[in-house]
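239 is the number of the first residue of the sequence shown in the numbering used here; add one for each residue after it.
Ideal Cβ positions, reconstructed from N, Cα and C, are used throughout, including at glycine.
Keep in mind the model is a prediction, meaning the values are calculated, not measured.
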Amino acid sequence: MRKFLVVLNWFPKGRKSMRFRSRNYINSWGRFFWFAAFIVSTFVLFNGFSYSNFRFLFGERFEPVLKFARKTPTANAIVSGEHPVTQILSVRETVLLPDQVILFLKYPRSARLFTKEELDCVYLSVHNTSPVPRLKQSPVRVDTEQLGEQIVRCPSGPRGLLITVGSKSNGVFPAGPTHHWDSLAYEALVDNDNTTVVFVKGLNLRPERVSNASRFECVYGEDFSRLKLVLRSEVLSIAQEIVRCRTPLIVLNSQKKVNSSVKVSVRIKGGGTLPSIARLGFLSDSGRDPLPTLKPHETCICTMARNQARFLKEWVIYHALIGVQRWYIYDNNSDDDTDQVIESLFNAGYNISRHIWPWIKTQEGGFSHCALRAKGSCEWIGFIDVDEFLHLPSGLFLHDVISNLTSTITSSGNISIGEIRVSCYSFGPSGLKQIPKQGVMVGYTCRLVVPERHKSIVKPEALNSTLINIVHHFHLRDDFRFIDVDRRMMVVNHYKYQVWEVFKQKFYRRVATYVADWKDEQNVRSKDRAPGLGTRAIEPVDWSSRFCEVTDTGLKDRVLRNFTNPKNFLLPWQTTTNKKAGTWFVEEENTNKVQEKE
Numbered sequence: 239m240r241k242f243l244v245v246l247n248w249f250p251k252g253r254k255s256m257r258f259r260s261r262n263y264i265n266s267w268g269r270f271f272w273f274a275a276f277i278v279s280t281f282v283l284f285n286g287f288s289y290s291n292f293r294f295l296f297g298e299r300f301e302p303v304l305k306f307a308r309k310t311p312t313a314n315a316i317v318s319g320e321h322p323v324t325q326i327l328s329v330r331e332t333v334l335l336p337d338q339v340i341l342f343l344k345y346p347r348s349a350r351l352f353t354k355e356e357l358d359c360v361y362l363s364v365h366n367t368s369p370v371p372r373l374k375q376s377p378v379r380v381d382t383e384q385l386g387e388q389i390v391r392c393p394s395g396p397r398g399l400l401i402t403v404g405s406k407s408n409g410v411f412p413a414g415p416t417h418h419w420d421s422l423a424y425e426a427l428v429d430n431d432n433t434t435v436v437f438v439k440g441l442n443l444r445p446e447r448v449s450n451a452s453r454f455e456c457v458y459g460e461d462f463s464r465l466k467l468v469l470r471s472e473v474l475s476i477a478q479e480i481v482r483c484r485t486p487l488i489v490l491n492s493q494k495k496v497n498s499s500v501k502v503s504v505r506i507k508g509g510g511t512l513p514s515i516a517r518l519g520f521l522s523d524s525g526r527d528p529l530p531t532l533k534p535h536e537t538c539i540c541t542m543a544r545n546q547a548r549f550l551k552e553w554v555i556y557h558a559l560i561g562v563q564r565w566y567i568y569d570n571n572s573d574d575d576t577d578q579v580i581e582s583l584f585n586a587g588y589n590i591s592r593h594i595w596p597w598i599k600t601q602e603g604g605f606s607h608c609a610l611r612a613k614g615s616c617e618w619i620g621f622i623d624v625d626e627f628l629h630l631p632s633g634l635f636l637h638d639v640i641s642n643l644t645s646t647i648t649s650s651g652n653i654s655i656g657e658i659r660v661s662c663y664s665f666g667p668s669g670l671k672q673i674p675k676q677g678v679m680v681g682y683t684c685r686l687v688v689p690e691r692h693k694s695i696v697k698p699e700a701l702n703s704t705l706i707n708i709v710h711h712f713h714l715r716d717d718f719r720f721i722d723v724d725r726r727m728m729v730v731n732h733y734k735y736q737v738w739e740v741f742k743q744k745f746y747r748r749v750a751t752y753v754a755d756w757k758d759e760q761n762v763r764s765k766d767r768a769p770g771l772g773t774r775a776i777e778p779v780d781w782s783s784r785f786c787e788v789t790d791t792g793l794k795d796r797v798l799r800n801f802t803n804p805k806n807f808l809l810p811w812q813t814t815t816n817k818k819a820g821t822w823f824v825e826e827e828n829t830n831k832v833q834e835k836e
C-alpha cells in the first residue's frame with residue numbers, strides 16, 4: 239500500500255491551468271509506468287536468479303538466508319472421511335524397494351512417536367480420490383532414526399496403489415513423494431574438509447574407475463525441478479556411486495539451520511537431476527582439518543549385516559578379547575533381533591552402535607560412509623563380515639600385530655602404510671548339520687586349502703578422496719601404500735559355507751553393488767557364488783561334507799584354551815554379554831582393551 243501512496247504523491251498540486259495540469263498528469267502517469275516496470279523487473283530479477291548468480295554479482299561476502307516455502311495447513315492435514323484435523327506427522331519421503339517400501343516419517347517437536355503396533359501400512363488407489371484404503375497391513379519394522387523421525391518398512395502392495403501410513407486412532411496420513419531405489423541420491427555427509435560426499439544410485443558408472451567430474455554438478459535445495467531456485471556447486475570427484483562436491487559457503491555458515499531441510503543431489507549437465515532424499519548430515523569433526531593426532535580408539539571394525547543377530551554376540555565378544563575397541567554395525571533391513579542384541583552388548587560395556595542403512599546393493603557406499611564417520615575416532619578400522627573372524631596365530635593382540643607390521647616396514651623403507659590386506663580362508667560345514675552350540679570358531683574346522691581373497695584394515699585418513707572400494711579394500715592416497723600380511727601373523731577365518739540352514743540365506747540378496755544376486759542367471763561362475771549350486775536354494779545331499787580339503791583347528795584351539803570359563807566350561811558368548819563377568823579375562827581400567835590372564 240505504501241508504494242501506491244508514494245506514486246500518488248507524484249501527482250501535481252495547486253491551482254494550475256487545465257492544459258498545464260493535463261501535461262503534468264501525462265508526465266506523472268509516464269513516471270508511474272516506469273516506476274511500476276522497475277518494481278516488477280526488480281522482483282523478477284531477485285526471485286528468478288539462482289543463488290550462484292548472487293555469488294557472481296555480490297561475491298563471497300553476500301550471504302542470503304535460505305528459506306523454504308511452508309505447506310498450507312490443509313496439505314499437512316490427516317486424510318479422513320470428514321474434515322482435515324491437526325497434523326500429527328508427515329510422510330516426508332517414500333522409497334520403493336523390490337520387495338518392501340520405506341517411508342520416512344517426520345513428527346512435530348515434542349510429539350510422541352507411534353509404536354509399530356499403532357501404525358498401519360495403508361494402500362490407496364492412485365486415481366481414486368476417495369480416502370478409503372484399498373488394503374491395510376502391519377509394518378515389517380519401525381525404527382527411530384533420530385529425534386522426531388522414524389523409518390517404517392512396509393510390505394510391497396499390489397501394483398498401482400499409493401502407499402502411506404495411518405494410525406488406528408487418527409486415520410490415514412497423506413502420502414509423501416515417491417522414489418525408486420535404483421535412481422536416487424540417498425545419503426549426504428559433510429566431510430571434515432568441508433566437502434560434501436553424496437551417495438547415489440542410478441549413474442551407472444564403471445567400478446574402480448574415476449569418472450569425468452566436469453560432466454556433473456551438485457545441487458542443494460528442496461525443489462530440484464526449478465534449477466533457478468537451487469544452489470549449484472562444483473563436483474570435485476566422482477567414482478562408482480560416490481560424488482564429492484564443493485560445499486557452498488552459505489550451507490556451511492548456516493549449518494544448524496539447514497541440515498534438516500536442505501537436500502543434495504547430482505545433476506548431469508545437459509541432462510536431468512537425480513531424485514533425492516539425501517539431507518545433509520554433519521560429522522562431529524566437520525570443518526576440523528587436520529584431524530587430531532591422538533584418536534580415542536586404536537582398532538575398530540565396521541560391517542554391514544542383515545539378520546545376523548544370533549552370530550553378533552560371538553563376533554563382538556571375541557574381537558573385543560583380541561583388542562578391538564569400537565564396532566560400527568550397518569543394519570541392512572534386518573527383521574530379527576539385531577537391534578536388541580546390539581543394545582544388550584552396548585549396555586554390557588561394548589562400544590558398539592547400530593546405523594540404519596536400508597539401501598540395497600550399496601555395500602561399497604556403506605563402507606565409505608563408515609570410513610568417513612570413523613576418521614576422527616579410529617586409528618585403524620577393519621572391514622569384515624559377521625561370519626569372518628581375525629585369527630592371530632602369534633597370540634598377540636591386534637594392535638600389537640598392526641604396530642609391529644607398520645613400524646618395521648615404515649622404518650626400513652620410509653613408506654607410510656595405509657592398508658593391511660589379510661588373506662581369507664573359507665571354511666565348510668565340517669560335517670555338521672546343526673548350528674554349532676559353542677559358536678562358529680569351535681564348530682567349523684575344515685576349510686579349502688587356498689585362500690579365496692583378502693579383507694582390509696585401513697587408516698581412514700589414508701583413503702583416496704574418491705573413496706573407491708571393491709570387495710572390502712580401498713584405493714589409497716598417493717603417499718600411502720598397502721601391505722600383504724604373512725598368514726603366520728594374521729589371517730581371516732571366513733565361515734562362508736556353514737550348515738544349510740544358515741547358508742541358504744545368502745540366496746536372498748547380495749549386498750555388494752557389483753555382485754549379482756545368486757538367483758540371477760548372471761556371472762554364475764563368480765567366486766562369490768558357491769560352486770555347483772546354480773541359482774536355486776536347494777540343499778545338495780552331500781552339503782555337510784563339501785569344501786573340506788584340510789583340517790584347521792588353530793583358532794578353535796586358542797579360543798578353548800584362553801576363553802573357556804574354568805567353572806562351567808562355557809565360552810563368554812554362551813552365557814553373558816557382560817565384559818566384567820567371569821574370571822578368565824580382565825578389563826583395563828577406563829578402556830575397552832581386554833587381556834588374557836597369564
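In the DSSP assignment, proline 393 is bridged to Gln338.
Between histidine 692 and valine 729, the C-beta spacing is not below 7 angstroms.
Membership of methionine 542 in the beta strand (DSSP E) is indicated by the continuous run 535 to 543.
Within 10 angstroms of the beta-carbon of valine 687 lie fewer than 16 other beta-carbons, which makes it exposed. Proximity to aspartate 337 across Trp419, Leu809, Tyr568, Ile640 peaks at Trp419, based on C-alpha coordinates.
Selection His607, Val380, Leu399, His535 evaluated against threonine 704 yields His607 as nearest (Cα-Cα). Here the alpha carbon of arginine 715 sits roughly 21 angstroms from the alpha carbon of serine 452. Taking each of Ile622, Ser503, Lys439, Thr576 in turn and checking the Cα distance to histidine 593, the smallest one comes out for Thr576.
The bridge partners DSSP lists for threonine 382 are Gln388.
Excluding five sequence positions before and after histidine 732, the CB atoms of its chain that fall closer than 7 angstroms to its own CB belong to Asp625, Glu626, Cys662, Tyr663, Ser664, Phe665, given in chain order. Among the bridge pairs identified by DSSP, phenylalanine 437 is matched with Glu425, Ile480. Straight-line spacing of the CA atoms in alanine 516 and valine 435 works out to 10 angstroms. Within the stretch 598 to 627, the runs of beta strand (DSSP E) that reach at least 3 residues and sit entirely inside it are, in chain order, 616 to 621.
Lysine 533 is positioned such that its CB atom lies no closer than 7 angstroms to that of serine 449. Relative to aspartate 461, the option among Ile619, Val779, Pro415 whose CA is nearest is Pro415.
Within the DSSP secondary-structure output, glutamate 455 pairs in a beta bridge with Glu472, Arg505.
For tyrosine 556, the secondary structure class from DSSP, reduced to helix, strand or coil, is helix.
A straight-line Cα-Cα distance of about 35 angstroms links leucine 610 and arginine 685.
Cβ neighbours of glycine 669 within its own chain (closer than 8 angstroms, five residues either side excluded): Cys684, Ser782, Ser783, Cys786. Annotation: the stretch 623 to 689 contains the following complete segments of the beta strand (DSSP E) (minimum length 3 residues), in chain order: 626 to 629, 655 to 664. Straight-line spacing of the CA atoms in valine 680 and isoleucine 673 works out to 11 angstroms.
Residue environment analysis places valine 737 among the buried positions, since at least 16 neighbouring C-beta atoms fall within 10 angstroms of its C-beta.
Scanning its chain for C-beta atoms nearer than 8 angstroms, with the 5 sequence neighbours on each side dropped, one finds around glycine 404 the residues Leu357, Asp358, Val360, Pro371, Lys374, Val410, Phe411, in chain order. Distance from the CA atom of proline 513 to the CA atom of asparagine 571, rounded to whole angstroms, is 22 angstroms.
Residue environment for threonine 382: exposed (fewer than 16 other C-beta atoms within 10 angstroms of its C-beta). In this structure, the CA atom of phenylalanine 342 is about 16 angstroms from the CA atom of valine 500. Secondary structure of isoleucine 326 (DSSP, three-state): coil.
By the neighbour-count definition (other C-beta atoms within 10 Å, threshold 16), phenylalanine 807 is an exposed residue. Cβ contact annotation for threonine 644 (same chain, cutoff 7 angstroms, sequence separation greater than five): Ile655, in chain order. Asparagine 585 and lysine 794 have their C-alpha atoms roughly 28 angstroms apart. Rounded to the nearest angstrom, the Cβ distance from alanine 543 to valine 579 is 10 angstroms, too far for a contact under 8 angstroms. A check of alpha carbon separations from aspartate 431 across Pro667, Leu490, Leu351, Ser328 identifies Leu490 as the nearest.
In the structure shown, glutamine 578 adopts helical secondary structure according to DSSP, grouped into three states.
For glutamate 425, the closest alpha carbon among the candidates Ile480, Leu474, Phe621 is that of Ile480. For isoleucine 590 against valine 562, the beta-carbon gap comes to about 10 angstroms, at or over 8 angstroms, which does not count as contact. Shown here, phenylalanine 741 sits in a helix according to DSSP, grouped into three states.
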